[in-house]
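Peer 1: Quick note on the UniProt record's numbering: the sequence shown kicks off at 1 and runs consecutively.
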Amino acid sequence: MSIITRPPKRKLLETEDEGPRAQRATSMAWTRSPSLHSPSRSRPASEHAESHGESFARGTSWQERHSDGASPVVFDKGSMPAPRKFHPKASVVLIGIRGTGKSSLAVILAATSGRRLIDADRYFQQMTGCTRAAFKKEKDHTEYRRQEAKVFESMLADNQEGCVIACGAGSMEHGGQRLLREYAQTHPVIHVIRDPDSIQSYLKAWDTQKVRHFLELSGPIFRACSNMEFFNLSESARSDHVEEAGHDSSPEAKLDQRSHAQTPFLTLKRVQRDFLRFIAFVTGDQTELTRQHASFPLSLLPVETRLYTSAISVPFSAIRDNRLDIEELEFGIDAFELVIDVTSPSAHLGADSNLADSISQAVAIIRRNAIVPLMYHVESYTTPNGSLSPVQAARSTDEAYLNLVRHGLRLAPSFLTIDLSRDDAVLSQIVSARGCTRIIGHFETFEPLPGGWDGDGYMKVYERAKTIGCDMVRVCQPAGTMDDNLAVQRFRHRIQRLPVSGIPLIAYNTGSLGRMSRCFNPVLSPVTHPGLIGQSPLQLRPSLTAHDIQQALYGSFALDPMQYFLFGANVSYSMSPAMHNTAFKLCGMPHTYTIFQCPTLRGLNDLVENQFFGGSSVSLPYKTEVIPLLHSMSPHARAIGAVNTLIPIRNNDDSDPRLTQESSIYLEKCRAGPIKGLHGDNTDWIGICNCIRRGLSPANAVRPSSTGLVIGSGGMARAAIYSMIHLGVQKIFVYNRTPANAEKLAHHYNRQDLWASEHNGANGHPRVSILDSLDEPWPSAYKQPTVIVSGIPAHSIGGQRAPNFHVPSQWLESPTGGVVVDLAYKPLNTPLMKQIRALSHRGWVALDGLDVLPEQGFAQFELFTGRRAPRRLMRTIVLQEYKDEDRDLSAIQDRLQHLDGQPT
1 MSIITRPPKR
11 KLLETEDEGP
21 RAQRATSMAW
31 TRSPSLHSPS
41 RSRPASEHAE
51 SHGESFARGT
61 SWQERHSDGA
71 SPVVFDKGSM
81 PAPRKFHPKA
91 SVVLIGIRGT
101 GKSSLAVILA
111 ATSGRRLIDA
121 DRYFQQMTGC
131 TRAAFKKEKD
141 HTEYRRQEAK
151 VFESMLADNQ
161 EGCVIACGAG
171 SMEHGGQRLL
181 REYAQTHPVI
191 HVIRDPDSIQ
201 SYLKAWDTQK
211 VRHFLELSGP
221 IFRACSNMEF
231 FNLSESARSD
241 HVEEAGHDSS
251 PEAKLDQRSH
261 AQTPFLTLKR
271 VQRDFLRFIA
281 FVTGDQTELT
291 RQHASFPLSL
301 LPVETRLYTS
311 AISVPFSAIR
321 DNRLDIEELE
331 FGIDAFELVI
341 DVTSPSAHLG
351 ADSNLADSIS
361 QAVAIIRRNA
371 IVPLMYHVES
381 YTTPNGSLSP
391 VQAARSTDEA
401 YLNLVRHGLR
411 LAPSFLTIDL
421 SRDDAVLSQI
431 VSARGCTRII
441 GHFETFEPLP
451 GGWDGDGYMK
461 VYERAKTIGC
471 DMVRVCQPAG
481 TMDDNLAVQR
491 FRHRIQRLPV
501 SGIPLIAYNT
511 GSLGRMSRCF
521 NPVLSPVTHP
531 GLIGQSPLQL
541 RPSLTAHDIQ
551 QALYGSFALD
561 PMQYFLFGAN
571 VSYSMSPAMH
581 NTAFKLCGMP
591 HTYTIFQCPT
601 LRGLNDLVEN
611 QFFGGSSVSL
621 PYKTEVIPLL
631 HSMSPHARAI
641 GAVNTLIPIR
651 NNDDSDPRLT
661 QESSIYLEKC
671 RAGPIKGLHG
681 DNTDWIGICN
691 CIRRGLSPAN
701 AVRPSSTGLV
711 IGSGGMARAA
721 IYSMIHLGVQ
731 KIFVYNRTPA
741 NAEKLAHHYN
751 RQDLWASEHN
761 GANGHPRVSI
771 LDSLDEPWPS
781 AYKQPTVIVS
791 GIPAHSIGGQ
801 RAPNFHVPSQ
811 WLESPTGGVV
821 VDLAYKPLNT
831 PLMKQIRALS
841 HRGWVALDGL
851 DVLPEQGFAQ
861 FELFTGRRAP
871 RRLMRTIVLQ
881 EYKDEDRDLS
891 AIQDRLQHLD
901 GQPT
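(1) Alpha carbons only, please: which of N610, I326, Q489 and P83 is nearest the one belonging to V475?
(2) Pick helix, strand or coil for I533, following the three-state DSSP scheme.
(3) Taking only runs that begin and end inside the stretch 279-331, name each unbroken beta strand (DSSP E) of 3 or more residues, in chain order.
(4) Around the Cβ of K137, are there at least 16 other Cβ atoms within 10 angstroms (buried) or fewer (exposed)?
(5) Output the boundary residues of the alpha helix (DSSP H) element that contains L882.
(6) Just the Cα atoms here: how many angstroms apart are Q856 and R273?
(7) Distance check for A824 and L255, CA to CA, integer angstroms please.
(8) Our contact map puts G511 next to A558 with C-beta atoms below 8 Å; I'd like the distance itself, whole angstroms only.
(9) Classify R703: buried if its beta carbon has 16 or more other beta carbons within 10 angstroms, exposed otherwise.
(10) Our contact map puts S360 next to F231 with C-beta atoms below 8 Å; I'd like the distance itself, whole angstroms only.
(11) Under 7 Å, do R223 and H191 count as touching if we go by C-beta distance?
(12) Between the Cα of S697 and those of P577, T816, K676 and P793, spot the shortest distance and give me the residue it belongs to.
(13) How many angstroms separate the CA atom of H748 from the CA atom of T683?
(14) Sorted by chain position, which residues of the same chain lie with C-beta nearer than 7 Å to T31's C-beta, five sequence neighbours on each side aside?
(15) Counting pairs of beta carbons, one from the stretch 293-309 and one from the stretch 116-135, are three or more of them closer than 8 Å?
(16) Using C-beta distances below 7 Å, list every residue in its chain close to G455, excluding the 5 sequence neighbours before and after it, in chain order.
(17) Secondary structure at V702, three-state DSSP: helix, strand or coil?
(18) Give me the DSSP bridge partner(s) of Y593.
(19) Ends of the alpha helix (DSSP H) at V608?
(20) Can you give me the Cβ contacts of S51 inside the same chain, cut-off strictly under 6 Å, excluding the 5 residues immediately before and after it?
(21) In terms of DSSP beta bridges, what is R694 paired with?
(22) Quick test of your reading: A166 and K102, contact by CB under 8 Å. State the CB separation rounded to the nearest angstrom.
(23) One question on the structure: do V787 and M724 come within less than 7 Å of each other, judged by their Cβ atoms?
(24) For I647, which of helix, strand or coil comes out of DSSP?
(25) Whose C-beta lies closer than 6 Å to the C-beta of P297 among residues of the same chain, with five residues either side of it excluded?
(26) Please determine, among D334, M155 and L355, the residue with the shortest C-alpha to C-alpha distance to A400.
(27) What does Y381 pair with, by DSSP beta-bridge criteria?
(28) Taking 7 Å as the limit between beta carbons, can you name the residues of its chain near A106, skipping five residues before and five after?
(29) Please check the pair H631 and H591, which I expect to be a contact at CB under 8 Å, by giving their CB distance rounded to whole angstroms.
(30) What are the boundary residues of the beta strand (DSSP E) that H442 is part of?
(31) I need the boundaries of the beta strand (DSSP E) containing C470, first residue and last residue.
(32) Could you check whether L745 and S790 sit closer than 7 Å to each other, using their CB atoms as the reference points?
(33) Skipping 5 residues on each side, what residues in its chain have a beta carbon closer than 7 Å to that of D197?
(34) Per the contact definition of three or more C-beta pairs closer than 8 Å, is the stretch 357-373 in contact with the stretch 608-617?
(35) How should G129 be labelled, buried or exposed, when 16 other C-beta atoms within 10 angstroms of its C-beta is the threshold for buried?
(36) Between which residues of its own chain and D884 is the CB-CB distance below 7 Å, once the five residues before and five after are set aside?
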């Protein structure tokens, strides 16, 4: 099945197994289900623990434990699902009504992870020798149901490892529901949902209102049979906007929409990214998660281990009712807290499938537009009519609270809070079912406990959170006096002095007098956005912005204003100073970034002698010359053999393995003082890697057979090869007009023991080969390249004419196209870019140097400051500052209009 080719559209009645009958069955089952997320009767914990491992050791063990008899849908009220911890190779099951995209998601996961694709309809045909439709015509409905249950049970039992299983509507018969609930004890069973408009548009069946009604009826049934949920967020609205906005663009500008408009073969690109990250987190695939996060250095460091981090608190109602700019909300913060602020204390998800859908959609919107971890927080108190008085706040029932929290666990957030004011019996249900989600014990009061921060009350809260099994604890109380801000510091010190290492603490005061404590709380201080101030009725909601806190930290001398530089021999014109300085100002940081041009490497001494030196970008010709002067290097820079980022070392601790094994992100940020050494890193490969990811369509997902091509043999060519290896490309070719230089580059990588990407089932080591001539055909033993990076200049240098380079047509015969990244941007519309954009109808996507520069700049910003980069702003500055004789103003303007800072 092709990812980019839709199957023939059928009416919704035809897709749900005889339509009205299925609808009646769904309705009957719904009336029997008192709770949206209540699973079937669970086995004893000991039995579950034994079967969790044994089901993978004996191929028939799971099948032997179950029969194929049908059973009504009956759920136990108030119980939680089994723990969401799965065997690393456990098969993944996708369920949902037709039109939600589960088949395409299954293909994407199979293509990128090496999992075997199992389609329920095809499996039925293989087992019975005929299609479902043909079987129904030949047999009565009773026989069909019996055969369907038999086939479905066999499919689950025989494919427990290394598969992705896409279930059709037939799988949701009575016996199928029971089998799925049992399978969900040890496997991820993911309910895929989508908005009604997108489903109706895809199926061309019924109207949106009828689709919405069917979702209301079927939602509880699918949720009862699954343990996870993924909202497949549509991109059609964005595509329509791009098409309409570009109708009067010039021909060059229209061609330049190649990476910003949603071309048909990139329609699923962001869905692919969202889903693969979701799967990696759900399955606990640390190798894949590390690979995905490597492009964003801060993501490699747990948020609770960094100093002065913040979390923006955004009410669910604000996302549901307004079109918030999520990316703007993310500026300068380290986590995104979605606050479920339901309007009724007795809200019951089991009685409102629409509410569950809306929460799932809100989470999908956040993940689509943010890269920081997601926190899921359910408020225990609601205020009627937006009252500001906490006295009028109503507390939700345990059942209503649990329903909302259960749903949050299904969405697999990075963090989920639990209300420590509730009974252990309630909280233990949540903690035992957390899976890979980390639990934050949350305790907030409208009035301080006896003795305040200096009493024993909050210490007991902290100890209870540890006992329950929380990973972190968050405690807050309203401040009565300014002294309360000092008291919370004393409490934090008491926790730090405990004889046994504890869990991270978030502690602060609320209200206007408590603002100081929120500024100096080191872990995930709550912040808001100017657009959200005044929308929060409870006094416990934050009133400070991330910008406010940063200004307070620098104004109080907790952090120091640092000086950053661009160091090189010929850097008189660069867009980096404008890009970084504007970002500093937006984030409330009093730093400066200036050009330091020097004809020799000796000029580096002047930077190192500056006690306020915070770091430097390194330009030609010093990217390799600087290496002997370094105290340590990141593994990326060491493998590439070039450095473009310098970070000062002020605490010269040779015993700290993180400096040599991980990244410069571990070095202390924004603190002045004598410099004892320099650490080198490389973000050029990150800029190239992210652009490749952005332009590589799902149809060209990296597989063991994928092939890459690098043009040139300089420092950027080195970074390009490394980025391909990181993405899992094992077969890489290099062309350079001087073959000897290409040979040296190939030898540089072939002698190293670099990894092959394991996420797609690849084995062995990457291999770099050379191409001697532009006239030779593409090597017949290898697939045509789908990833091409050019690192040669497109302008005249030293009086020599520009190369006017084109990729030979015989090297561009990939049937699904690919992505070409031209690192040059003088001129912007290079001959290579013109060539590739003319092939866009064949699936080729072209990205240029103005795409790469900000991408590497985001990573540099994180390494310099330890803060998230304002991505869209930095992209905007690069385009606005770009100057060249051939600058196409209409093309630049078009890119600014369709700009985003989307993570790749």
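Heads up, the beta-carbon is just placed ideally off N, CA and C, and yes, glycines get one too.
Remember, predicted model here, so these are calculated numbers, not experimental data.
Peer 2: Checking against the coordinates, here is how it stands:
(1) For the purposes of this step, residue 475 is taken as the residue at position 475 of the sequence shown. In terms of CA proximity to V475, Q489 leads the group N610, I326, Q489 and P83.
(2) For the purposes of this step, residue 533 is identified with residue 533 of the sequence shown, where counting begins at 1. DSSP, read as helix, strand or coil, puts I533 in coil.
(3) Segments of the beta strand (DSSP E) lying fully in the stretch 279-331: 310-315.
(4) Position 137 of the sequence shown, counting from 1, holds the residue named residue 137. Answer is exposed; the Cβ neighbour count stays below 16.
(5) Within the sequence shown, residue 882 is the residue found at index 882, counting from 1. It should be noted that the sequence gives Tyr, not Leu, for residue 882. Counting along the chain, Y882 sits inside no alpha helix (DSSP H), nor does DSSP assign it H or E at all.
(6) Numbered from 1 along the sequence shown, position 856 holds the residue referred to as residue 856. Numbered from 1 along the sequence shown, position 273 holds the residue referred to as residue 273. Rounded to the nearest angstrom, the two C-alpha atoms are 19 Å apart.
(7) Translated into the one-based positions of the sequence shown, residue 255 becomes position 255. Translated into the one-based positions of the sequence shown, residue 824 becomes position 824. The predicted model places L255 with a pLDDT of 35, which falls under 50 and marks its position as unreliable, so this point remains unresolved.
(8) The residue you call residue 511 lines up with position 511 of the sequence shown. The residue you call residue 558 lines up with position 558 of the sequence shown. Their Cβ separation, rounded to whole angstroms, is 22 Å, which puts G511 and A558 out of contact at 8 Å.
(9) Stepping through the sequence shown from its first residue, residue 703 is reached at position 703. Buried is the call here.
(10) For the purposes of this step, residue 360 is taken as residue 360 along the sequence shown, with counting starting at 1. For the purposes of this step, residue 231 is taken as residue 231 along the sequence shown, with counting starting at 1. That belief holds up - the Cβ atoms of S360 and F231 are roughly 4 Å apart, short of 8 Å.
(11) Indexing the sequence shown from 1 puts residue 223 at position 223. Indexing the sequence shown from 1 puts residue 191 at position 191. R223 is a Cβ neighbour of H191, given a cutoff of 7 Å.
(12) Position 697 of the sequence shown, counted from the start, is the residue given in the question as residue 697. Per the Cα distances, T816.
(13) If you number the sequence shown from 1, residue 748 lands on position 748. If you number the sequence shown from 1, residue 683 lands on position 683. Their backbone Cα atoms lie some 19 Å apart in a straight line.
(14) Along the sequence shown, one-based indexing puts residue 31 at 31. Since pLDDT at T31 reaches only 33, below the 50 mark, its modelled position is unreliable, and the value read off the structure follows with that caveat. Excluding sequence neighbours, T31 sits near nothing in its chain.
(15) The stretch 293-309 is not in contact with the stretch 116-135.
(16) Translated into positions along the sequence shown, residue 455 becomes position 455. Hits under 7 Å: L449.
(17) Locating residue 702 in the sequence shown gives position 702, counting from the first residue. In the structure shown, V702 sits in coil (DSSP, three-state: anything other than H, G, I, E or B).
(18) As a position in the sequence shown, residue 593 is number 593, starting the count at 1. According to DSSP, which records beta bridges pairwise, Y593 is partnered with Y564.
(19) By one-based count along the sequence shown, residue 608 stands at place 608. Looking at the DSSP string, the run of the alpha helix (DSSP H) that includes V608 is L604 to V608.
(20) Counting from 1 along the sequence shown, the entry for residue 51 is found at position 51. With a pLDDT of 34 at S51, under the threshold of 50, the modelled position of that residue is not reliable, and no figure is offered here.
(21) Position 694 of the sequence shown, counted from the first residue, corresponds to residue 694. Under DSSP, R694 shares a beta bridge with no residue.
(22) Along the sequence shown, read from residue 1 onward, the residue named residue 166 stands at position 166. Along the sequence shown, read from residue 1 onward, the residue named residue 102 stands at position 102. Contact holds; Cβ gap of about 5 Å.
(23) Translated into the one-based positions of the sequence shown, residue 787 becomes position 787. Translated into the one-based positions of the sequence shown, residue 724 becomes position 724. Result yes, Cβ atoms of V787 and M724 sit closer than 7 Å.
(24) By 1-based counting over the sequence shown, the position of residue 647 is 647. Of the three classes helix, strand and coil, the one that applies to I647 here is strand, per DSSP.
(25) For the purposes of this step, residue 297 is taken as the residue at position 297 of the sequence shown. Excluding positions up to five away in sequence, the list reads S663, I665, A859, E862 and L863.
(26) The residue you call residue 400 lines up with position 400 of the sequence shown. Closest option to A400, Cα to Cα, is L355.
(27) Here residue 381 corresponds to residue number 381 of the sequence shown, with the count starting at 1. DSSP, once it has assigned bridges, lists R395 as partnering Y381.
(28) Here the question's residue 106 lines up with position 106 in the sequence shown. The beta carbon of A106 sits closer than 7 Å to those of L94, L117, V164 and A166, all from its chain and outside the five residues before and after it, given in chain order.
(29) The count along the sequence shown starts at 1 and reaches residue 631 at position 631. The count along the sequence shown starts at 1 and reaches residue 591 at position 591. Their Cβ separation, rounded to whole angstroms, is 23 Å, which puts H631 and H591 out of contact at 8 Å.
(30) Within the sequence shown, the letter at position 442 stands for residue 442. Segment R438 to E444, the beta strand (DSSP E) holding H442.
(31) The sequence position of residue 470 within the sequence shown is 470, counting from 1. Premise fails: C470 is in no beta strand (DSSP E) and is neither H nor E.
(32) Position 790 of the sequence shown, counted from the first residue, corresponds to residue 790. Position 745 of the sequence shown, counted from the first residue, corresponds to residue 745. Judged by beta-carbon spacing, L745 lies beyond the 7 Å limit of S790, meaning their Cβ atoms are not closer than that value.
(33) On the sequence shown, position 197 is the one that residue 197 refers to. Here the set comprises T208.
(34) At 8 Å Cβ cutoff, the stretches do not touch.
(35) For the purposes of this step, residue 129 is taken as residue 129 along the sequence shown, with counting starting at 1. Exposed, because fewer than 16 other Cβ atoms sit within 10 Å of the Cβ of G129.
(36) Taking the sequence shown and counting its residues from 1, one reaches residue 884 at position 884. Leaving aside the five residues that flank D884 on each side, the residues in its chain whose CB is nearer than 7 Å to its CB run, in chain order, K826, P827 and L828.
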